[in-house]
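Have a look at the structure below, then the notes.
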Amino acid sequence: MGKITGFKDYKRENFKRRNVSERINDWKEIYFPWTDKQANEQASRCMDCGVPFVTMVAHWVI
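So the sequence shown is residues 2 to 63, counted in the working numbering.
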(Lines of atoms letter the chains of each structure in order from A and count residues from 1; the text may use other names and numbers.)
(Lines give C-alpha, C1' and ligand atoms only; values in the text may rest on other atoms or scores of the structure.)
Protein backbone atom coordinates (compact mmCIF):
# COMPACT_ATOMS: atom_id res chain seq x y z
CA MET A 1 0.00 0.00 0.00
CA GLY A 2 1.13 3.55 -0.66
CA LYS A 3 1.34 6.38 1.81
CA ILE A 4 -1.97 6.68 3.70
CA THR A 5 -2.32 10.38 2.87
CA GLY A 6 -0.53 10.15 -0.49
CA PHE A 7 -3.67 10.88 -2.51
CA LYS A 8 -4.02 14.16 -0.60
CA ASP A 9 -0.32 15.03 -0.45
CA TYR A 10 0.43 14.62 -4.17
CA LYS A 11 -1.59 15.86 -7.14
CA ARG A 12 -2.44 13.33 -9.82
CA GLU A 13 0.08 13.68 -12.62
CA ASN A 14 -0.56 12.40 -16.12
CA PHE A 15 2.13 11.40 -18.56
CA LYS A 16 3.38 14.16 -20.86
CA ARG A 17 2.86 13.39 -24.56
CA ARG A 18 5.28 13.86 -27.41
CA ASN A 19 4.33 16.39 -30.06
CA VAL A 20 2.16 14.96 -32.85
CA SER A 21 4.48 16.31 -35.55
CA GLU A 22 7.28 14.16 -34.08
CA ARG A 23 5.13 11.09 -33.47
CA ILE A 24 3.88 10.72 -37.04
CA ASN A 25 7.44 10.10 -38.22
CA ASP A 26 8.28 7.15 -35.99
CA TRP A 27 6.99 4.25 -33.90
CA LYS A 28 8.48 5.43 -30.61
CA GLU A 29 6.54 5.80 -27.37
CA ILE A 30 3.86 8.50 -27.27
CA TYR A 31 4.42 9.35 -23.61
CA PHE A 32 7.56 10.61 -21.91
CA PRO A 33 8.48 8.31 -19.01
CA TRP A 34 8.27 9.52 -15.42
CA THR A 35 11.38 10.00 -13.35
CA ASP A 36 11.82 7.62 -10.42
CA LYS A 37 10.67 10.40 -8.08
CA GLN A 38 7.47 11.01 -10.09
CA ALA A 39 6.70 7.28 -10.26
CA ASN A 40 7.21 6.88 -6.51
CA GLU A 41 4.97 9.86 -5.73
CA GLN A 42 2.20 8.61 -8.00
CA ALA A 43 2.49 5.08 -6.60
CA SER A 44 2.15 6.51 -3.09
CA ARG A 45 -1.30 7.82 -4.08
CA CYS A 46 -2.57 4.23 -4.28
CA MET A 47 -5.20 3.48 -1.63
CA ASP A 48 -5.03 -0.30 -2.25
CA CYS A 49 -8.69 -0.43 -3.23
CA GLY A 50 -8.38 -3.85 -4.85
CA VAL A 51 -9.92 -2.79 -8.18
CA PRO A 52 -7.69 -4.48 -10.79
CA PHE A 53 -8.30 -2.15 -13.74
CA VAL A 54 -7.20 0.92 -11.76
CA THR A 55 -3.56 -0.21 -12.00
CA MET A 56 -3.73 -0.34 -15.80
CA VAL A 57 -5.05 3.16 -16.50
CA ALA A 58 -1.65 4.71 -17.21
CA HIS A 59 -0.75 2.12 -19.88
CA TRP A 60 1.42 0.06 -17.56
CA VAL A 61 0.75 -2.28 -14.69
CA ILE A 62 1.91 -1.40 -11.19
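All residues carry an ideal CB built from backbone N, CA and C; glycine is no exception.
Remember, predicted model here, so these are calculated numbers, not experimental data.
*Residues bridged to Arg18 by DSSP?*
Tyr32
*Would you mind reading off the limits of the alpha helix (DSSP H) that contains Asn41?*
37-45
*In whole angstroms, what is the alpha-carbon distance linking Phe8 and Glu23?*
34 Å
*Return helix, strand or coil for Arg24, following the three-state DSSP convention.*
helix
*Closest by C-alpha distance to Tyr32, when choosing among Asn20, Gln43, Asp49, Lys38*: Asn20
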